[in-house]
Amino acid sequence: MHHYGNKIIDESRQGEALMLESEGHKKLYIESYGCQMNFSDSEIVASILAGEGYSTTKNPEDADLVLLNTCSIREKAEQTVRNRLSHLQYLKKTKPAVKIGVLGCMAERIKDKLLDEEKLVDLVVGPDAYRDLPELLKEVNDGRKAVNVILSKEETYGDINPVRLGGNGISAFISIMRGCDNMCTFCVVPFTRGRERSRNPQSIIEEAVQLQDAGYKEITLLGQNVDSYLWYGGGLKKDFAKASEIARASAVRFAELLRRVAEAVPGMRIRFSTSNPQDMTEDVLYTIAEYPNICKYIHLPVQSGSSRILKAMNRGHTREQYMELIEKIRSIIPDCGLSHDMIAGFPGETEEDHQDTLSLMEFVKYDFGYMFKYSERPGTYAARHLRDDVPDEVKTRRLNEIIDLQQKHSLYRNQQHLGKTVEVLVEGTSRKSEDHWFGRTTQNTVVVFPKEQAKPGDRVWVTVEYCTSATLLGKLASLSC
Ligand code: SAH
Ligand code: F3S
1 MHHYGNKIID
11 ESRQGEALML
21 ESEGHKKLYI
31 ESYGCQMNFS
41 DSEIVASILA
51 GEGYSTTKNP
61 EDADLVLLNT
71 CSIREKAEQT
81 VRNRLSHLQY
91 LKKTKPAVKI
101 GVLGCMAERI
111 KDKLLDEEKL
121 VDLVVGPDAY
131 RDLPELLKEV
141 NDGRKAVNVI
151 LSKEETYGDI
161 NPVRLGGNGI
171 SAFISIMRGC
181 DNMCTFCVVP
191 FTRGRERSRN
201 PQSIIEEAVQ
211 LQDAGYKEIT
221 LLGQNVDSYL
231 WYGGGLKKDF
241 AKASEIARAS
251 AVRFAELLRR
261 VAEAVPGMRI
271 RFSTSNPQDM
281 TEDVLYTIAE
291 YPNICKYIHL
301 PVQSGSSRIL
311 KAMNRGHTRE
321 QYMELIEKIR
331 SIIPDCGLSH
341 DMIAGFPGET
351 EEDHQDTLSL
361 MEFVKYDFGY
371 MFKYSERPGT
381 YAARHLRDDV
391 PDEVKTRRLN
401 EIIDLQQKHS
411 LYRNQQHLGK
421 TVEVLVEGTS
431 RKSEDHWFGR
441 TTQNTVVVFP
451 KEQAKPGDRV
461 WVTVEYCTSA
471 TLLGKLASLS
481 C
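Heads up: the sequence shown runs through residues 1 to 481, numbered per the UniProt record's numbering.
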């Protein structure tokens, strides 16, 4: 029952998945941690297992198979999964036949040692080995433990039609590339997700069109490093130079992919994540500016505002080059929303470096940010060569200063919308109030407004009357589209 090879039968597969929802005799419970890529991968796993007769359940107690799709990015992320695993022990007591598997980055990083460390785990599968799940499950169901953590040169799961899990029916992820070649010295991702490879653009467009036909209104193109997207017929990005002249001449890069997707689904909003400053090219910016359905928002992690630290992080650009890129974005895409990732307390970070981070933030005034304390990850360059020498209380203090400044900037950015009418894609009911919808602007800012006639999936105009640092509040101005 492996139909992944053929896109034409995808519609029947959807029917099959629906049927399995009610009739599937085996139940899968899957929980995802960490980045959006893991959530997207879980949808691929659910699709592969649907072919094996598994339907998904939201209740682990109903499940025959419990999978945790895990994250290794910081020590705390791994600890969260370990705590969850020890909590799940009760499942085995009440239902000894239940099988428990660890997927994703922890599986890849810790490998078969996980079986020794976490006695209840039956199955360990790395991010490139999900096609092997049916075979691995046979072993597990025969009472053996099973592991596959082999990283791949080609795997993109491009032909697998994801089972959309837990979504709102409006916004969906499409994975476009896997792995990362950047080797930032603090980062475990190149080790857990392997080298960069890109997915066939045709299969990306087909997935976008299918989502549009199914009533979705927004897609997010996903990859660890989307600007590095490069399709030349398949294979690792680093082997591009070895490809034939014809393959190289007809290669598709990220700007071209964005253009093709934007034209294929003109009625959908298009987002993408994550961009890395060293790989972002001007033609991507012009493409964003050109197409009204590509959202005016870039998540552009910087990690530090100090050129000295950026060098030690192997980020491939200086503070000044990043500032130039920001100015370019502002001139090509006026009103572009910007967000960042920042790390406080990288090895060797001085007060002066930290001040450079704060002053860079002051220069950009990001709409929002994701901010972390440095966490040493085994096997990375930083763990092997640099001493984790910033005391924890200093990391915490610097992180808090970064967070406070970000809050100030988020409020400042939101205040710029006051009195204006903004276009919002309605996603659902506000978490704080039953009587309000919530949605997002093109800049990815959350907007909340009284329900009235609008409904989820509508694109409406909302006049902003009030704001906090996190949210714009307003009232419906008109139903558009
Ligand atoms: N390119 C990826 C980045 C993955 S990691 C993407 O698709 O988002 C997400 C963020 O986690 C990084 O940008 C960085 O800010 C943070 N991070 C990564 N490794 C870290 C570490 N060792 N300690 C603290 N934060 C880290
Ligand atoms: Fe990690 Fe740097 Fe890639 S943060 S995911 S190695 S761009």
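Note that beta-carbon positions come from the ideal geometry of N, C-alpha and C, so glycine has one too. In this text the structure is predicted, and so the values were computed from the model without any measurement.
Exercise for the section: Return the first residue and the last residue of the beta strand (DSSP E) that PRO450 is part of. Expected result: Position 450 of the sequence shown holds residue 450. Unbroken beta strand (DSSP E) run through PRO450: 446 to 450.
Exercise for the section: Would you mind listing the alpha helix (DSSP H) stretches within the region 293 to 325 that are 4+ residues and don't spill past its ends, in chain order? Expected result: 307 to 312
Problem - Reduced DSSP category for ILE246 - H, G, I as helix; E, B as strand; rest coil - result: By one-based count along the sequence shown, residue 246 stands at place 246. Helix.
Practice task
Quickly, what does DSSP pair PHE368 with across the bridge? List them, please.
Solution key: Indexing the sequence shown from 1 puts residue 368 at position 368. Paired residues: SER339.
Handout entry: SER478 - DSSP class collapsed to helix/strand/coil
Key = Within the sequence shown, numbered from 1, the residue matching residue 478 stands at position 478. Note: SER478 maps to strand in three-state DSSP.
Exercise for the section: Check the C-beta distance from VAL45 over to LEU133 and give it rounded, since I have them as a contact under 8 Å. Expected result: To locate residue 45, count along the sequence shown from 1; it is residue 45. To locate residue 133, count along the sequence shown from 1; it is residue 133. About 7 Å; that satisfies the 8 Å criterion.
Practice task
Confirm the yes/no value for this check: CB of GLN224, any heavy atom of ligand 2, distance under 7 Å.
Solution key: Counting from one through the sequence shown, the residue named residue 224 turns up at place 224. Checking every heavy atom of ligand 2 against the Cβ of GLN224, one is found closer than 7 Å.
Practice task
Look up TYR466 in the DSSP assignment and say whether it is helix, strand or coil.
Solution key: In the sequence shown, residue 466 corresponds to position 466, counting from 1. Three-state DSSP puts TYR466 in a strand.
Problem - Meets three-Cβ-pair contact criterion under 8 Å: the region 259 to 274 and the region 217 to 229 - result: yes
Exercise for the section: To the nearest angstrom, report how far apart ALA264 and VAL394 are at their CA atoms. Expected result: Position 264 of the sequence shown, counted from the first residue, corresponds to residue 264. Position 394 of the sequence shown, counted from the first residue, corresponds to residue 394. Roughly 50 Å between the two C-alpha positions.
Problem - Range covered by the alpha helix (DSSP H) that runs through PHE240 - result: One-based indexing of the sequence shown puts residue 240 at position 240. First-last for PHE240: undefined, no H or E at that position.
Practice task
Answer yes or no: the CB of PRO301 versus the heavy atoms of ligand 1, is any distance below 7 Å?
Solution key: As a position in the sequence shown, residue 301 is number 301, starting the count at 1. For PRO301, the CB falls within less than 7 Å of some heavy atom of ligand 1.
Practice task
May I have the straight-line CA-CA distance separating ASN444 from SER307, to the nearest angstrom?
Solution key: Position 444 of the sequence shown, counted from the first residue, corresponds to residue 444. Position 307 of the sequence shown, counted from the first residue, corresponds to residue 307. Cα-Cα distance, rounded: 29 Å.
Exercise for the section: Provide the residue(s) that pair with LYS373 in DSSP beta bridges, ordered along the chain. Expected result: Locating residue 373 in the sequence shown gives position 373, counting from the first residue. In the DSSP output, where bridge partners are listed per residue, LYS373 has ALA344.
Handout entry: beta strand (DSSP E) runs wholly inside the UniProt domain "MTTase N-terminal" (26 to 142), at least 3 long, in chain order
Key = 26 to 32, 54 to 56, 65 to 70, 99 to 104, 123 to 125
Problem - Close-in-space but distant-in-sequence residues of the same chain around CYS180 (CB under 7 Å, 5 per side omitted) - result: Position 180 of the sequence shown, counted from the first residue, corresponds to residue 180. Counting only Cβ-Cβ distances below 7 Å, and skipping sequence neighbours, we find VAL189, PRO190, ARG193, GLU196, GLN224, ASN225.
Practice task
Kindly indicate which residue of ARG84, VAL424, LEU360, PRO301 has the alpha-carbon position closest to the one of ASN293.
Solution key: The count along the sequence shown starts at 1 and reaches residue 293 at position 293. Ranking ARG84, VAL424, LEU360, PRO301 by Cα distance to ASN293 puts VAL424 first.
Handout entry: For PHE272, the three-state DSSP class (helix, strand or coil)
Key = Numbered from its first residue, the sequence shown carries residue 272 at position 272. It is a strand residue.
Problem - Beta carbon of SER40 nearer than 8 Å to that of SER175 - result: Along the sequence shown, read from residue 1 onward, the residue named residue 40 stands at position 40. Along the sequence shown, read from residue 1 onward, the residue named residue 175 stands at position 175. SER175 sits close to SER40, with the two beta carbons spaced by under 8 Å.
Problem - Sub-8 Å separation of LYS255 and ASP283 beta-carbons - result: By one-based count along the sequence shown, residue 255 stands at place 255. By one-based count along the sequence shown, residue 283 stands at place 283. The displayed chain sequence assigns Ala, not Lys, to residue 255. Taking 8 Å as the Cβ cut-off, ALA255 and ASP283 qualify as a contacting pair.
Problem - Simplified DSSP state of LEU473, which is helix, strand or coil - result: Locating residue 473 in the sequence shown gives position 473, counting from the first residue. In the structure shown, LEU473 sits in a strand (DSSP, three-state: E or B).
Practice task
Indicate the three-state DSSP secondary structure (helix, strand or coil) for GLU218 in the structure shown.
Solution key: What you label residue 218 is simply residue 218 of the sequence shown in a count that begins at 1. Looking at GLU218 - three-state DSSP - the assignment turns out to be strand.
Handout entry: Identity of the residues DSSP links to ILE174 by a beta bridge
Key = Translated into positions along the sequence shown, residue 174 becomes position 174. Paired residue(s): LEU221.
Handout entry: Short Cβ contact (8 Å threshold) for LEU338 with ILE298
Key = The residue you call residue 338 lines up with position 338 of the sequence shown. The residue you call residue 298 lines up with position 298 of the sequence shown. Cβ distance < 8 Å, so LEU338 and ILE298 count as in contact.
Practice task
Pick helix, strand or coil for GLU206, following the three-state DSSP scheme.
Solution key: In the sequence shown, the residue the question calls residue 206 occupies position 206. Helix, per DSSP.
Exercise for the section: Could you work out which residue in GLY428, GLY369, PRO96 is closest to ASN400 when comparing CA atoms only? Expected result: Walking along the sequence shown from the start, residue 400 turns up at place 400. ASN400 has its Cα closest to that of GLY369, out of GLY428, GLY369, PRO96.
Handout entry: Close Cβ partners of TYR29 (< 8 Å) along its chain, the five nearest in sequence each way excluded
Key = Locating residue 29 in the sequence shown gives position 29, counting from the first residue. Result list for TYR29: THR56, THR57, LYS58, ASN59, PRO60, ASP62, ALA63, LEU65, VAL66, LEU67, in chain order.
Practice task
Pull up the distance between the alpha-carbon of CYS467 and that of HIS409, whole angstroms please.
Solution key: Counting from one through the sequence shown, the residue named residue 467 turns up at place 467. Counting from one through the sequence shown, the residue named residue 409 turns up at place 409. Going from the Cα of CYS467 to the Cα of HIS409 covers about 13 Å.
Handout entry: Exposure of MET106, with buried meaning 16 or more beta-carbon neighbours within 10 Å
Key = Here residue 106 corresponds to residue number 106 of the sequence shown, with the count starting at 1. Buried, since its Cβ has 16 or more Cβ neighbours within 10 Å.
Practice task
State yes or no: is the C-beta of ARG199 within less than 8 Å of the C-beta of GLY235?
Solution key: By one-based count along the sequence shown, residue 199 stands at place 199. By one-based count along the sequence shown, residue 235 stands at place 235. Going by C-beta atoms, ARG199 is not nearer than 8 Å to GLY235.
Exercise for the section: Return helix, strand or coil for SER198, following the three-state DSSP convention. Expected result: Along the sequence shown, one-based indexing puts residue 198 at 198. The DSSP-derived three-state label of SER198 is strand.
Handout entry: For ARG459: DSSP bridge partner residues
Key = As a first step, residue 459 is located in the sequence shown; it is residue number 459 there, counting from the start. DSSP lists LEU425 as the bridge partner or partners of ARG459.
Handout entry: Nearest residue (CA-CA) to ILE402, options ALA344, SER430, HIS436
Key = Numbered from 1 along the sequence shown, position 402 holds the residue referred to as residue 402. Ranking the options by Cα distance to ILE402, first place goes to ALA344.
Exercise for the section: Work out the CA separation of ALA312 and GLU352 for me, nearest whole Å. Expected result: Stepping through the sequence shown from its first residue, residue 352 is reached at position 352. Stepping through the sequence shown from its first residue, residue 312 is reached at position 312. If you take the alpha carbons of GLU352 and ALA312, they lie about 15 Å apart.
Handout entry: For LEU165, three-class secondary structure by DSSP
Key = Against the sequence shown, residue 165 aligns to sequence position 165. If DSSP states are grouped into helix, strand and coil, LEU165 belongs with coil.
Problem - Run of the alpha helix (DSSP H) containing HIS409, from where it starts to where it stops - result: Walking along the sequence shown from the start, residue 409 turns up at place 409. For HIS409, the enclosing alpha helix (DSSP H) begins and ends at 392 to 415.
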